[in-house]
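Notes for the one structure printed next.
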Amino acid sequence: MKNFSTSGPLFSKNLSLNLGGSIMDLSRPRVMGIINATPDSFYDGSRVPEPAQAIEKAREMIEQGVDILDVGAVSTRPGSQEISEIEELERLSPVLEALREAFPDFPVSVDTWRASVARTVKERFEIQLINDISAGTLDPDMFPTMAQLGIPYIIMHMQGTPPNMQDNPAYENVVDEVLQFFAERVYKLSLLGVNDIVIDPGFGFGKTLEQNYMLLGQFDSFKMLELPLMAGLSRKSMIYKLLESEPDDALNGSTAAHMALLLKGARLLRVHDVKAAVETVKIFQQIC
Numbered sequence: 016m017k018n019f020s021t022s023g024p025l026f027s028k029n030l031s032l033n034l035g036g037s038i039m040d041l042s043r044p045r046v047m048g049i050i051n052a053t054p055d056s057f058y059d060g061s062r063v064p065e066p067a068q069a070i071e072k073a074r075e076m077i078e079q080g081v082d083i084l085d086v087g088a089v090s091t092r093p094g095s096q097e098i099s100e101i102e103e104l105e106r107l108s109p110v111l112e113a114l115r116e117a118f119p120d121f122p123v124s125v126d127t128w129r130a131s132v133a134r135t136v137k138e139r140f141e142i143q144l145i146n147d148i149s150a151g152t153l154d155p156d157m158f159p160t161m162a163q164l165g166i167p168y169i170i171m172h173m174q175g176t177p178p179n180m181q182d183n184p185a186y187e188n189v190v191d192e193v194l195q196f197f198a199e200r201v202y203k204l205s206l207l208g209v210n211d212i213v214i215d216p217g218f219g220f221g222k223t224l225e226q227n228y229m230l231l232g233q234f235d236s237f238k239m240l241e242l243p244l245m246a247g248l249s250r251k252s253m254i255y256k257l258l259e260s261e262p263d264d265a266l267n268g269s270t271a272a273h274m275a276l277l278l279k280g281a282r283l284l285r286v287h288d289v290k291a292a293v294e295t296v297k298i299f300q301q302i303c
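Each residue of the sequence shown is one higher than the last, beginning at 16 in my numbering.
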């Protein structure tokens with residue numbers, strides 16, 4: 016890795032997000048609930064392709080204390096196949112319209128790597144964040160589009176693409192290389208005036224089981240970027256494979272990993288199980 020080291024002092028700031036003029040203080044870690052407008056996401060408990068299902072799921076999450084709803088229409092599980100922009104918007108639009116009607120002011124993020132989709136959902140539904148699994152690498156228009164939209168931008172690290180990312184992920188040092196990736200992406204965004212950025216190391220996206228746990232063990236290294244840190248490992252294979260179980264049985268392991276992430280500086284947890292995550296945050300706040 017060049018000109019960037021994981022050694023030395025780690026920094027922290029009083030971080031926040033500007034969500035359409037409303038400031039979300041991240042001194043308390045926040046919980047982002049996953050709403051998948053897809054028929055094929057890896058965890059079937061998150062699939063709500065119909066608007067009525069999405070409203071029911073969102074209402075349950077809000078009652079449990081979720082802070083942000085993250086809506087996606089493209090499965091990014093390992094081996095998944097890309098869908099067209101038209102199909103992505105056809106899945107997203109009715110769900111977002113229903114959510115906006117039912118919960119007009121609640122913070123909503125959209126999980127997309129396409130600049131055109133990001134622009135459309137911002138203009139039509141006034142969503143407050145974009146969550147991009149590729150950090151702008153899959154669509155060169157994403158960075159300038161985010162500069163124009165002026166809303167928080169979650170950037171994630173991924174080696175490869177969902178269809179091939181788990182074929183044979185290789186790193187000399189996974190933590191150093193992911194840090195270098197973010198240092199470069201954040202610098203390019205800063206040149207465009209994009210500063211409201213959230214960092215997600217991308218657990219399970221082009222990483223082996225061992226590499227995922229190296230990232231988890233050194234998660235606090237990412238604090239040197241001085242940006243809010245998000246993690247999404249809820250019920251992922253790094254949890255259930257280690258425990259020799261299945262996604263349906265991975266809640267306890269996910270909760271244990273979430274506490275470890277909070278202790279190492281995570282400000283946002285992207286989860287399937289909101290109640291368990293909110294309770295984990297409460298216990299973390301009591302001891303820290």
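The C-beta atom is built at its ideal place from N, Cα and C for all residues, glycine as well.
{"Item": "Could you say which of 299, 174, 190, 193 lies nearest to residue 184 if we only look at CA atoms?", "Value": "174"}
{"Item": "Would you tell me roughly how many angstroms separate the C-alpha atoms of residue 96 and residue 303, rounded to the nearest one?", "Value": "42 Å"}
{"Item": "Beta-carbon separation of residue 244 and residue 214 under 7 Å?", "Value": "yes"}
{"Item": "On the three-pair Cβ rule with 8 Å, is the region 73-83 touching the region 34-51?", "Value": "yes"}
{"Item": "Can you give me the Cβ contacts of residue 291 inside the same chain, cut-off strictly under 7 Å, excluding the 5 residues immediately before and after it?", "Value": "266, 270"}
{"Item": "Who are the Cβ neighbours of residue 117 in its own chain at under 8 Å, not counting the five residues just before and after it?", "Value": "70, 73, 74"}
{"Item": "Do you know offhand how far residue 211's Cα is from residue 262's?", "Value": "33 Å"}
{"Item": "Out of 176, 228, 223, 139, state which residue places its alpha-carbon closest to the alpha-carbon of residue 110.", "Value": "139"}
{"Item": "Assuming residue 190 and residue 253 are in contact, meaning their beta carbons sit under 8 Å apart, how far apart are those beta carbons, in whole angstroms?", "Value": "Between residue 253 and residue 190 the Cβ distance is about 15 Å, and since that is not below 8 Å, they are no contact."}
{"Item": "What does the Cβ neighbour count give for residue 130, buried or exposed, with the cut at 16 atoms within 10 Å?", "Value": "buried"}
{"Item": "DSSP three-state call for residue 166: helix, strand or coil?", "Value": "coil"}
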